[in-house]
Amino acid sequence: MKQNWNAVSNPAASSSQVFSIVVLTHNRRELLRACLASLIGQADPGLPIEILVVDDGSTDGTGDLVRGLQKAHPHIRYCPQPHRGIAAARNHGIMSAAGSLIAIVADDYQLAADYARTVVSFFREHPDAKVVRFKLAAADDTFLSRVGHAYQEASAKRRLLDGWTFPGYGGMWRLLREEEKTTTEHGLEAAGAAAFRREVFDRVGLFDESFARAEDSDFTVRLRAAGIPIHYYPFHLVRHRYDSSLRSVLRTSYLSGRYRWRYYAKHAGRPVKFPPLVRLGFAMKLSALYWACWRARQTGSLTRFVMYLPFMFCIEAATKAGFAAEARAARKAERAAAARRSPRVLARLRRLGSRTNRRVLLELVRANLKSSDYHSLLGGLWSLLGTGALLASLYFVFGRHFGAAVRGYPLYLLAGIVPVNFFITATGHLLKVFVNNRDIALNSTIPRESLVLSAASLHGWKLGIEMLMCAAVSLAYGFFSLRAALVLLPVILFFLALVVGVGLFLALALCFARDVEHVWTILSRLFFFASPVFYTLDSLSPKARALVTYGNPLTPFLTAFRGVFLQGGNVTAAALAQCALLGTATLVLGYLAFVRLEGAAMDRA
Amino acid sequence: MNASVEVRELSKCYMVMRRQRTTLRAVRALLRRDPLTRELWALRDLSFTIARGDKVALIGRNGSGKTTLLRLLAGIIEPSAGSLRLEQQPLALFKFWIGQNADLPVIDNIYLFGAVCGMGRAELRPMIVGILQAAGIAELGFAPLQDLSTGQLQRLALSIIFRAPADFLIFDETLAHLDQDFARECDAFFARLADSSTTVILTSHDAGFLRRHCRRAIWLDGGRLRLEGPAGAVIDAYAGAG
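Residue numbers (the working numbering), protein chains in the order written: chain G, 175 to 779; chain H, 127 to 368.
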C-alpha cells in the first residue's frame with residue numbers, strides 16, 4: 175500500500191516556541207546515554223527545550239534508561255515505536271514534536287554544549303532560513319573513524335558536483351581548495367546534523383519511509399523542488415561516532431550503495447544505468463585517490479595518504495557493490511514483472527492457432543497471393559523468368575571454368591540460384607513486415623505472427639514453384655527419384671524455418687534502426703557470392719572453403735538441395751540434421767526474440 | 127457487479143526515439159547502456175470497472191490517452207504497469223481501412239475483414255448482398271477496393287462489424303462523419319444493443335451520439351482519470367471545462 179509522505183507533520187501540535195531535539199536510537203543504549211548527556215547539559219538557548227527519544231524497537235533496555243533519566247529531567251520524552259527504520263523513526267519524532275524548531279540527531283552524535291543555542295540563534299539571525307545543516311566531525315580519533323569521516327565528507331562534497339563526468343572531477347579539485355563558508359549549495363546529508371523549522375514538514379511532507387538510507391538525499395531533492403534552500407553553517411561542529419569495525423563500515427557502505435540506487439531510480443524517473451566495468455573502476459579509483467590526496471594535503475602526511483588509500487578503495491567498492499546489487503535486483507524484478515505481463519510463448523501459439531486466427535491467416539495468405547503475380551500458373555511461370563535469366567548469365571560466364579568439374583552444371587546452378595534468391599528476396603520482404611504494416615499492427619487485433627507468416631507464405635509459394643522446376647530438370651537429367659522427393663520436403667521446411675527466423679530478427683532490428691534495410695541489402699549481395707552458387711567448394715582454397723562451409727548458414731542447405739537434385743536424394747543423416755538444427759534453432763530464437771521485444775519494437779516501428 | 131472489464135492502476139509508457147535511428151547509434155547505445163529513447167507516459171494509474179452489457183463513452187481531448195486505453199483493452203499493446211482483466215474478448219475497430227487490401231475486389235475484402243471480425247466464409251456468404259446494400263455499394267462488389275471513397279469504405283467496415291457475433295465492441299472515433307442515412311442505421315444498431323448484454327466502449331467527439339447511446343462515461347485528462355460516472359453528468363462537466 176502506498177503511504178502518504180506528504181502528510182502534514184503534526185496537525186495537532188501547536189507551533190509553540192519550543193525547540194524540539196529528536197534523538198533516534200536502536201539498540202545502542204550506551205551511545206544513547208552519552209548523546210543524552212551531551213544534550214542534557216546544553217546551555218540555555220533562550221527557548222524551552224524538549225528532548226524526544228524515538229526508540230525504533232530497541233530490545234536492550236533503552237526504555238529503562240530513558241525512563242530513568244526522565245525522573246530527573248522532565249523535558250525528556252520517550253517515544254517508542256516498533257522497529258520500522260530510520261525514516262519512520264524521524265517521522266515519528268517529527269509528528270510527536272511540539273516545537274516550532276525541530277532538530278534530529280542520532281544516538282551516535284555528540285553535541286557541543288552550545289548546540290541548542292547555535293540552532294536557535296541561527297534561525298533568529300536568519301528569519302528566512304528554514305533548514306540549517308552543521309559541519310560533521312569525527313567524535314573519536316581512531317584510524318577507522320578518521321577514514322570513515324573522510325569518506326563521508328568526500329561523499330557529501332562529491333554530491334555537490336554535477337554527475338560522474340571528468341569535468342566534474344575537475345570541479346571537485348577546485349572545491350577542495352576552497353575554504354569552508356556558509357552556503358546553500360550543500361545537500362541535507364547527513365540529516366542528523368540538521369535542524370528545521372516545523373513549517374518545512376508542512377510544506378514538503380515527511381521523510382520517505384521506503385528508504386532505509388539516502389532518505390536525506392531524497393528529502394534534499396524535495397526541499398529544492400519546494401524552493402527551500404538548505405543553509406550549510408560550517409562554523410559549528412556536530413561530532414559523530416563512526417563505526418568502529420571495518421566490517422560494520424563496509425556493511426553500512428553496501429547498504430548506502432543499495433539505497434543510493436533507489437534514490438536515483440526515484441528521482442531520475444527510471445532506473446539508473448549500471449556503469450560499465452571500466453567506468454566503475456575509474457570512478458572508484460578516482461574517488462579514492464582524490465580523497466586520499468585531500469587528506470594527505472590537509473595533514474601534510476604522505477604516510478596517511480598511503481594508509482588511507484586501500485581503505486577508501488574498500489569503502490568505495492562496498493558502496494558500488496551495493497549499488498550494482500540493487501540495480502541487478504531491480505532489473506530482475508522488472509524482467510519478472512514483464513514476464514508476468516506478457517503472454518507466454520505457448521499461450522501466444524495457442525491464440526495463433528485459434529479458429530478465428532486460423533481464418534484470418536488463411537484470408538491474409540489468400541489476399542497476398544491474389545494481389546501478387548503468383549495467383550495463376552502463368553503469373554508463377556512469369557516470375558521464373560528472372561531465375562532463368564540469372565541461370566543463363568552465370569552459365570555463360572562460369573560454365574567453362576566450373577562446368578567441366580560438375581556433371582549437370584546447369585542443374586547445379588539452378589539448385590543454387592533458387593534457394594539463395596529465395597533467401598535474399600524473402601528476408602528482404604520480411605524485414606519490412608512490421609514497419610510497412612505498422613497501421614495494422616497498432617490498430618488491429620490480428621496477431622502479428624499472422625503478418626509474418628502470410629508474407630512468408632507468398633515467398634514459400636514461389637519457392638514451391640521453383641523447386642518443382644528444379645525437380646523437373648533433375649528428372650530430365652535422370653537424377654530425381656522417390657527418395658529425393660522424400661528428402662526434399664523436410665529440407666524445404668527447414669529452409670523456410672531458417673528464412674522466417676532470420677526475417678523475424680531483421681524485422682525487429684529494422685524497428686530499432688532504420689538503416690538495417692541498407693545494411694541487409696549489402697549483406698545479401700555478399701551472401702550471394704559467399705555461397706557456393708556457381709562455384710564448387712572443392713574449387714576454393716582450404717581457408718575459403720572452411721569459411722564458406724562453417725560461416726555461411728546457407729551452405730548446408732545448398733549442399734542438401736544439390737544432394738536431392740543431382741544425386742538422387744543422397745543426403746547424409748548428418749547433413750539433414752545440420753539443416754534441421756539450423757532451421758529450427760533460428761526459428762525458435764527468432765520467435766523468442768519477437769515475443770520478448772515485440773512491444774518495444776512496435777513502440778518504435 | 128458482473129464486471130466485464132476490471133482495470134487496476136493501469137499505466138502505459140511508450141518509448142519515444144530521441145533521434146534518428148541508425149545501426150551504429152543502436153550498437154553504441156547498447157554498449158554504453160545509453161538509452162536511445164525517452165519515456166512518454168500515455169496513461170497513469172487508471173482504475174475502473176465496466177459491467178457486462180454496459181455502454182461506456184470515453185471522452186477527453188486529443189492526446190489524453192483514449193486510443194492507448196482502447197488498444198490496451200483490445201490486447202493490441204501491453205500495459206507498462208498495473209493489471210487489466212477482461213471477461214470477454216473484444217472486437218475493436220480503430221480505423222476502418224485496417225485489415226483490407228486495396229488491390230483486391232470488395233467481396234474479397236469482405237471475406238478478409240469478416241475473418242478479422244470472427245466470421246468464416248460460410249457465415250459471410252449469405253450476408254454479402256446485405257452488407258453491400260447496407261454500405262450503399264450493391265453494384266461495386268467486384269470493383270477493386272481502392273475505387274471506393276472514404277465514406278464508402280467506412281460504411282463497408284461498419285456494415286461488416288455490425289453483423290459480427292461480438293459481445294464486447296470497441297469503436298475509436300470510427301463513427302464520425304457518417305452520412306445521414308448511415309447515421310440512422312448506426313443509431314438503430316446501438317438502440318438494438320441498448321438492452322443487450324453486449325459491452326460497448328466508444329470514443330467520439332459527437333456528444334449527442336454519446337448521450338443517446340451511453341449510460342456511463344469516463345473522462346481522461348493527460349493520461350489520468352479525471353471523472354467517471356453517468357454519461358450526461360460527465361459529458362456536461364467535460365463540455366463545461368472547455
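All residues carry an ideal CB built from backbone N, CA and C; glycine is no exception.
| message | Any contact between the stretch 203–214 of chain H and the stretch 229–241 of chain H? By contact I mean 3 or more CB pairs, one from each, below 8 Å. | response | Using a Cβ-Cβ distance cut-off of 8 Å, the stretch 203–214 of chain H and the stretch 229–241 of chain H are not in contact, since fewer than three pairs of beta carbons, one from each stretch, lie closer than that value.
| Identity of the residue in G/T733, G/F487 and G/A718 nearest G/A589 by Cα | In the first sequence, residue 589 of chain G corresponds to position 415, counting from 1. Nearest option by C-alpha distance: G/T733.
| Short Cβ contact (8 Å threshold) for G/L221 with G/I278 | Here residue 221 of chain G is taken as the residue at index 47 of the first sequence, counted from 1. Here residue 278 of chain G is taken as the residue at index 104 of the first sequence, counted from 1. No; because the gap between Cβ atoms is not below 8 Å, this pair is not in contact.
| Contacts of H/D234 in chain G (Cβ-Cβ under 7 Å) | Looking up residue 234 of chain H in the second sequence gives position 108. Contact note: H/D234 reaches chain G through A541 and K544, using a C-beta cutoff of 7 Å and chain order.
| task | Take G/A704 and list the residues in its own chain whose beta-carbon comes closer than 7 Å to its own, dropping the five residues that flank it on each side. | result | For this step, residue 704 of chain G is matched to residue 530 along the first sequence. Cβ neighbours of G/A704 beyond the five flanking positions: V722 and N726.
| request: Assign G/P593 to one of three DSSP states: helix, strand, or coil. | output: Mapped onto the first sequence, residue 593 of chain G falls at position 419. G/P593 falls in the helix class under three-state DSSP.
| request: Below 7 Å between beta carbons is the criterion; list the residues of the stretch 602–618 of chain G that meet it against any residue of chain H, in chain order. | output: Taking 7 Å as the Cβ-Cβ cut-off against chain H, the residues of the stretch 602–618 of chain G that qualify are D613, I614, L616, N617 and S618.
| message | Would you say G/E537 lies against chain H (beta-carbon separation less than 8 Å)? | response | Reading the first sequence from its first residue, position 363 is the one you call residue 537 of chain G. For G/E537, the answer is yes, since a Cβ of chain H falls inside 8 Å of its Cβ.
| query | Quick one: what's got a C-beta closer than 8 Å to G/V690's C-beta in the same chain, skipping five residues either side? | reply | Taking the first sequence and counting its residues from 1, one reaches residue 690 of chain G at position 516. Here the set comprises L605, L680, A683 and L684.
| message | Check for me: the beta strand (DSSP E) holding G/G259 runs from which residue to which? | response | Here residue 259 of chain G refers to the residue found at position 85 of the first sequence. From DSSP, G/G259 is part of no beta strand (DSSP E); its letter is neither H nor E.
| request: Using a Cβ-Cβ cut-off of less than 7 Å, list which residues of the stretch 675–693 of chain G approach chain H; keep chain order. | output: Legend: CB atoms of the stretch 675–693 of chain G lying less than 7 Å from CB atoms of chain H belong to residues F686, A687, R688, D689, V690 and V693.
| task | Throw me the rounded Cβ distance for the G/V305 and G/V374 pair, which I believe falls under 8 Å. | result | Taking the first sequence and counting its residues from 1, one reaches residue 305 of chain G at position 131. Taking the first sequence and counting its residues from 1, one reaches residue 374 of chain G at position 200. About 6 Å separates the two Cβ atoms, so the contact holds.
| Comparing the C-beta of G/G773 with each C-beta of chain H, is any distance below 8 Å? | As a working mapping, residue 773 of chain G is identified with position 599 in the first sequence. For G/G773, the answer is yes, since a Cβ of chain H falls inside 8 Å of its Cβ.
| message | DSSP three-state label for G/G725, please. | response | Here residue 725 of chain G corresponds to residue number 551 of the first sequence, with the count starting at 1. G/G725 falls in the helix class under three-state DSSP.
| said: Which same chain residues end up closer than 6 Å to G/G677 when comparing Cβ atoms and leaving out the 5 residues on each side of it in sequence? | reply: As a working mapping, residue 677 of chain G is identified with position 503 in the first sequence. Within the same chain, and ignoring the five residues on either side of G/G677 in sequence, the residues whose Cβ sits closer than 6 Å to its Cβ are T601 and L604.
| request: List the endpoints of the continuous beta strand (DSSP E) containing H/L328. | output: What you label residue 328 of chain H is simply residue 202 of the second sequence in a count that begins at 1. Start and end: T325 to T329.
| Selection of the stretch 267–279 of chain G by Cβ proximity to chain H, strictly under 7 Å | Those residues of the stretch 267–279 of chain G placed with their C-beta closer than 7 Å to a C-beta in chain H do not exist.
| said: Please tell me whether G/V534 has its Cβ less than 8 Å away from any Cβ of chain H. | reply: The sequence position of residue 534 of chain G within the first sequence is 360, counting from 1. Chain H contact via Cβ: present.
| message | Assuming contact is defined by CB atoms lying nearer than 8 Å, are G/L649 and G/G743 in contact in what I supplied? | response | As a position in the first sequence, residue 649 of chain G is number 475, starting the count at 1. As a position in the first sequence, residue 743 of chain G is number 569, starting the count at 1. The answer is no: Cβ separation not under 8 Å.
| Within chain H, partners of G/T530 - CB distance below 8 Å | Locating residue 530 of chain G in the first sequence gives position 356, counting from the first residue. Here the neighbours are A241 and G244.
| query | Does the beta carbon of G/M776 sit closer than 8 Å to a beta carbon anywhere in chain A? | reply | Among the chains of the structure shown, chain A does not appear; the protein chains present are G and H.
| said: Between which residues of its own chain and G/V665 is the CB-CB distance below 8 Å, once the five residues before and five after are set aside? | reply: Here the question's residue 665 of chain G lines up with position 491 in the first sequence. Within the same chain, Cβ atoms closer than 8 Å to the Cβ of G/V665 are found at F731, A734, F735, V738, V745, L750 and C753, the five residues on either side in sequence being excluded.
| message | What I want to know is whether the C-beta of G/P584 ends up closer than 7 Å to one or more non-hydrogen atoms of the ligand HEM. | response | With respect to small molecules bound, the structure shown includes none, and the ligand HEM cannot be examined in it.
| field | Residues of the stretch 257–275 of chain H whose Cβ lies closer than 9 Å to any Cβ of chain G, in chain order | value | Listed in sequence order: no entries.
| message | Here's the rule: buried if 16 or more other CB atoms are within 10 angstroms of the residue's CB, otherwise exposed. What is H/N188? | response | Residue 188 of chain H sits at position 62 when you count from the first residue of the second sequence. By the neighbour-count rule (16 or more Cβ atoms within 10 Å), H/N188 is not buried but exposed.
| request: With a threshold of 16 other CB atoms inside 10 Å of the CB of G/R387, please say whether the residue is buried or exposed. | output: The count along the first sequence starts at 1 and reaches residue 387 of chain G at position 213. That one is buried.
| request: For the alpha helix (DSSP H) containing H/H312, list its first residue and its last residue. | output: Here residue 312 of chain H refers to the residue found at position 186 when the second sequence is read from its first residue. The sequence given here has Cys at residue 312 of chain H, not His. Per DSSP, H/C312 belongs to the alpha helix (DSSP H) from Q306 to L319.
| For G/R505, does the count of other Cβ atoms within 10 angstroms reach 16, so buried, or fall short, so exposed? | Here residue 505 of chain G refers to the residue found at position 331 of the first sequence. Under this definition G/R505 is an exposed residue.
| query | When you compare only the Cα positions, how much space is there between H/W345 and G/G361? | reply | Position 219 of the second sequence, counted from the start, is the residue given in the question as residue 345 of chain H. Position 187 of the first sequence, counted from the start, is the residue given in the question as residue 361 of chain G. CA-to-CA, the gap between H/W345 and G/G361 works out to about 41 Å.
| query | Taking C-alpha atoms, which residue in H/A302, H/V242 and H/W167 lies nearest to H/M141? | reply | Position 15 of the second sequence holds residue 141 of chain H. Measuring from the Cα of H/M141, the nearest candidate turns out to be H/W167.
| Cβ contact check for the stretch 147–154 of chain H and the stretch 211–218 of chain H: 3 or more pairs under 8 Å | Result no; under three Cβ-Cβ pairs closer than 8 Å.
| said: Please report the distance separating the alpha-carbon of G/D288 from that of G/V196. | reply: What you label residue 288 of chain G is simply residue 114 of the first sequence in a count that begins at 1. What you label residue 196 of chain G is simply residue 22 of the first sequence in a count that begins at 1. Here the alpha carbons of G/V196 and G/D288 stand approximately 17 Å from one another.
| request: Indicate the three-state DSSP secondary structure (helix, strand or coil) for H/S173 in the structure shown. | output: Counting from one through the second sequence, the residue named residue 173 of chain H turns up at place 47. Strand at H/S173.
| query | For a contact meaning CB atoms closer than 7 Å, what does H/G348 contact in chain G? | reply | Working through the second sequence from its first residue, we reach residue 348 of chain H at position 222. Result: empty, since nearest Cβ-Cβ is about 16 Å, beyond 7 Å.
| query | Name the chain G residues that come within less than 7 Å of H/N227, Cβ to Cβ? | reply | Within the second sequence, residue 227 of chain H is the residue found at index 101, counting from 1. Going along chain G in sequence order, the residues near H/N227 (Cβ under 7 Å) are A541 and S545.
| Are there three or more Cβ pairs, one per stretch, closer than 8 Å when the stretch 258–269 of chain H is compared with the stretch 178–186 of chain H? | Inter-segment contact for the stretch 258–269 of chain H and the stretch 178–186 of chain H is absent: fewer than three beta-carbon pairs are separated by less than 8 Å.
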